[in-house]
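Novice: Structure incoming, see below.
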DNA sequence: TCGCGTCTTGCGTAAACCCGCATCCCCTCG
DNA sequence: CGAGGGGATGCGGGTTTACGCAAGACGCGA
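Below you can see the structure in the form of structure tokens.
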């Protein structure tokens, strides 16, 4: 068995290395990459390797790297090991995982035990292991109450990128009014309407900008999500030319 | 000599602990805190302690913690040890450092040597040690060309929070037009006007939202800055009531 | 096949934004 | 002390947003 570790923090990398060796005695090779690009390359070079991947890396982040790796070899087993359980990450991951792939998501705050167990479950038993906390988010993200549908999330990203209603309409193939319609749903769900109930009507807030802010504060969006979205946007803009 | 370490990642914490012991043999006590709140408390309990602090922590982050610590004891020596050199962090730190205080800012990517040298310089020699890369930012942030004045930064934060022009005017004691004036300067500097020169005039972008986005992508803003700004905003809103 | 909820569109309006043009005020520099 | 530059304001108007109202469109069980 081979394991590829993709993690940019040297301390965490060596900790992982040790954890892998101790949890998987049958593993004879451990390879390390310190960023997403190198990780993709090494994954190509070592076709049979299982992967442990950090999500937050500078440059090419874990989600992007995982996407290209899975694109080339969908049955790769990947364990995401992250500091955070931002909804943006969780959503990002579940958006790219191929059907039937075995993968995992454990938080860095988890105990040694938990990490080792996850390593064995995924790489030996081919089981999915999702951290309880992350799982909670996924559930909520599907159960419709107070959570976000894909179309709402989509439009959230679009305004976060700074597109106009018109541009969104063009991009998503909708009428102007539909875009605005979706926006209203978004505003409702994000509860952007200032907590001041019987306060004066001057709402103080620019709904569009405020929506992005509260999404950020709620971890619905984060830097990495924005970065990816911006890249996609640029692609689209080029196609448009 | 006493040293207080404030850092939420256990691996980094123990690494720091070791670095401190080896760089400062004269240090007889090392105390650890795993978040900002605990850090503030321990700083109160150990008046003479020097501090090494992480910036990015969940809950109360390093900048907030440092601010209250410095408020109570302005001559405390603090070494910030961070993963990033986002302009938002650099700006946040230099905004709160008291006159004449000895402090430091080194990146986690720095070598052992660099870290140990910084520890000795600050805690023994009372010198300021700013990482070269961070220093670069600070300079640029003062040299006016293509950098941001405080008033521009201020209004950037305000729109990032989602305030309307009117609300900003009230908050900053400006006329509506002045707010819009500053906004235009901001848009200029952020170069929000779509890179498409001779492209069709439909600018695709909602300037206000786009400005926030590019500020984020350029690390002029980050989560922690938003969080702080939001807290200040809430205070202000309450005063308004 | 009917009925119902959800999503999409149009129309129309009031409010918020973006911004060129033109004063004023204040500070600095020669 | 006068010239010049930068920021604060007013005025005016063209755009874009936010959103109520209402008519279709689509899908899905009874």
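Residue numbers (the working numbering), protein chains in the order written: chain A, 7 to 247; chain B, 7 to 247.
Glycine is no exception: its CB is placed at the ideal position from the N, C-alpha and C atoms.
Under a CB-based cut-off of 8 Å, is residue 165 of chain B close to chain A?
Specialist: Residue 165 of chain B counts as touching chain A.
Novice: Give me whichever residues DSSP pairs with residue 78 of chain A in a beta bridge.
Specialist: According to DSSP, which records beta bridges pairwise, residue 78 of chain A is partnered with nothing at all.
Novice: Measuring straight from C-alpha to C-alpha, what distance separates residue 213 of chain B and residue 171 of chain A?
Specialist: Cα-Cα distance, rounded: 12 Å.
Novice: Are residue 86 of chain A and residue 121 of chain A touching if we call contact CB-CB under 8 Å?
Specialist: No, these two residues do not count as a Cβ contact at 8 Å.
Novice: Per DSSP, what kind of secondary structure is residue 118 of chain A in: helix, strand or coil?
Specialist: Three-state DSSP puts residue 118 of chain A in a helix.
Novice: Once the 5 residues before and after residue 45 of chain A are set aside, which same chain residues still bring their CB inside 6 Å of it?
Specialist: Hits under 6 Å: 12, 39, 71.
Novice: With a floor of 4 residues, list each alpha helix (DSSP H) that falls wholly inside the region 24–106 of chain A, ordered by position along the chain.
Specialist: With a minimum length of 4 residues, the continuous alpha helix (DSSP H) runs that stay inside the region 24–106 of chain A are 42–51, 68–78, 93–102.
Novice: Which residues of chain A have a Cβ atom closer than 9 Å to the Cβ of residue 168 of chain B, listed in chain order?
Specialist: By Cβ distance, chain A contributes 198, 210, 211, 212, 213, 214, 215, 216, 217, 218, 219, 220.
Novice: At 4 residues or longer, and completely inside the region 182–227 of chain B: list those alpha helix (DSSP H) runs for me, N to C.
Specialist: List check, alpha helix (DSSP H) in window: 182–196, 213–223.
Novice: Around the Cβ of residue 6 of chain A, are there at least 16 other Cβ atoms within 10 angstroms (buried) or fewer (exposed)?
Specialist: One cannot answer for residue 6 of chain A here, as it falls past the ends of chain A, which runs 7 to 247.
Novice: Beta carbons nearer than 7 Å to chain A: which residues of the region 43–64 of chain B have them?
Specialist: Within the region 43–64 of chain B, no residue has a Cβ that lies closer than 7 Å to any Cβ of chain A.
Novice: I'd like to confirm the pairing. Which residues does DSSP put opposite residue 110 of chain A in its beta bridges?
Specialist: BP columns for residue 110 of chain A point to A:85, A:135.
Novice: Of all the options B:100, B:168, B:166, B:153, which has the alpha carbon lying nearest to the alpha carbon of residue 135 of chain B?
Specialist: For the residues B:100, B:168, B:166, B:153, the minimum Cα distance to residue 135 of chain B belongs to B:100.
Novice: Looking only at DSSP bridge pairs, what is residue 11 of chain B linked to?
Specialist: DSSP, once it has assigned bridges, lists B:38, B:58 as partnering residue 11 of chain B.
Novice: Which residues in the same chain have their Cβ closer than 6 Å to the Cβ of residue 163 of chain B, if we skip the five residues on either side of it in sequence?
Specialist: Around residue 163 of chain B: 235.
Novice: State yes or no: is the C-beta of residue 220 of chain A within less than 8 Å of the C-beta of residue 189 of chain A?
Specialist: Cβ distance not < 8 Å, so residue 220 of chain A and residue 189 of chain A don't count as in contact.
Novice: Using a Cβ-Cβ cutoff of less than 7 Å, which residues in the same chain neighbour residue 231 of chain B once the five nearest sequence positions on both sides are dropped?
Specialist: So the list reads 94, 98, once near-sequence residues are dropped.
Novice: Is the shortest distance between the beta-carbon of residue 173 of chain A and the beta-carbons of chain B less than 8 Å?
Specialist: So, interface residue.
Novice: Should residue 206 of chain A be labelled buried (16 or more other beta-carbon atoms within 10 Å of its own) or exposed?
Specialist: Because the pLDDT of residue 206 of chain A is 49, which lies under 50, any placement of that residue in the model is unreliable, and the number read from its coordinates should be weighed accordingly. Looking at its Cβ environment, which holds fewer than 16 other Cβ atoms inside 10 Å, residue 206 of chain A is exposed.
Novice: Kindly indicate which residue of A:84, A:80, A:43, A:73 has the alpha-carbon position closest to the one of residue 64 of chain A.
Specialist: Checking every option, the nearest Cα to that of residue 64 of chain A belongs to A:43.
Novice: Just how far apart, CA to CA, sit residue 211 of chain A and residue 217 of chain A?
Specialist: So the two alpha carbons sit approximately 9 Å from each other.
Novice: Consider the Cβ of residue 236 of chain B: report whether some Cβ of chain A lies at a distance smaller than 8 Å.
Specialist: Yes, because at least one Cβ of chain A sits closer than 8 Å to the Cβ of residue 236 of chain B.
Novice: What residue range is occupied by the uninterrupted alpha helix (DSSP H) comprising residue 239 of chain B?
Specialist: Note, residue 239 of chain B: alpha helix (DSSP H), 229–246.
Novice: Quick check: the region 101–118 of chain B against the region 75–84 of chain B, are at least 3 beta-carbon pairs closer than 8 Å?
Specialist: They touch, by the three-pair rule.
Novice: Quick check: what's the CA-CA separation for residue 223 of chain A versus residue 32 of chain B?
Specialist: When rounded, the distance between both Cα atoms is 43 Å.
Novice: Count the other CB atoms within 10 Å of the CB of residue 246 of chain A; is the residue buried (16 or more) or exposed (fewer)?
Specialist: Its Cβ having fewer than 16 others within 10 Å, residue 246 of chain A is exposed.
Novice: Are there 16 or more other CB atoms within 10 angstroms of the CB of residue 51 of chain B, so buried, or fewer, so exposed?
Specialist: With fewer than 16 other Cβ atoms within 10 Å, it is exposed.
Novice: Please decide whether residue 18 of chain B counts as near chain A, where near means a Cβ-Cβ distance under 8 Å.
Specialist: Yes, its Cβ sits closer than 8 Å to a Cβ of chain A.
Novice: Compare the C-beta of residue 109 of chain A against all C-beta atoms of chain B and say whether one is closer than 8 Å.
Specialist: Output row for residue 109 of chain A: interface = no.
Novice: At 7 Å on the CB atoms, spell out the chain B contacts of residue 21 of chain A, in chain order.
Specialist: Correct list: 17.
Novice: Using 8 Å as the limit for Cβ to Cβ distance, is residue 232 of chain A near chain B?
Specialist: Answer yes: the Cβ-Cβ gap between residue 232 of chain A and chain B drops below 8 Å somewhere.
Novice: Provide the residue(s) that pair with residue 169 of chain B in DSSP beta bridges, ordered along the chain.
Specialist: Note: residue 169 of chain B sits in a beta bridge opposite A:211.
Novice: Any heavy atom of the ligand SAM within a distance shorter than 7 Å of the CB on residue 92 of chain B?
Specialist: The model depicted lacks the ligand SAM and carries no ligand whatsoever.
Novice: So residue 48 of chain B packs on residue 10 of chain B, CB below 8 Å; how close in whole Å?
Specialist: Rounded, the Cβ-Cβ distance is 6 Å, consistent with contact.
Novice: Measuring only between beta-carbons, confirm whether residue 229 of chain B sits less than 8 Å from chain A.
Specialist: Yes - at least one Cβ of chain A is within 8 Å of the one on residue 229 of chain B.
Novice: If we define contact as Cβ-Cβ less than 8 Å, is residue 149 of chain A a contact residue for chain B?
Specialist: Any answer about residue 149 of chain A is weak, because its pLDDT of 49 lies below 50 and its placement is not dependable; what the coordinates show is given next. No, its Cβ sits nowhere closer than 8 Å to a Cβ of chain B.
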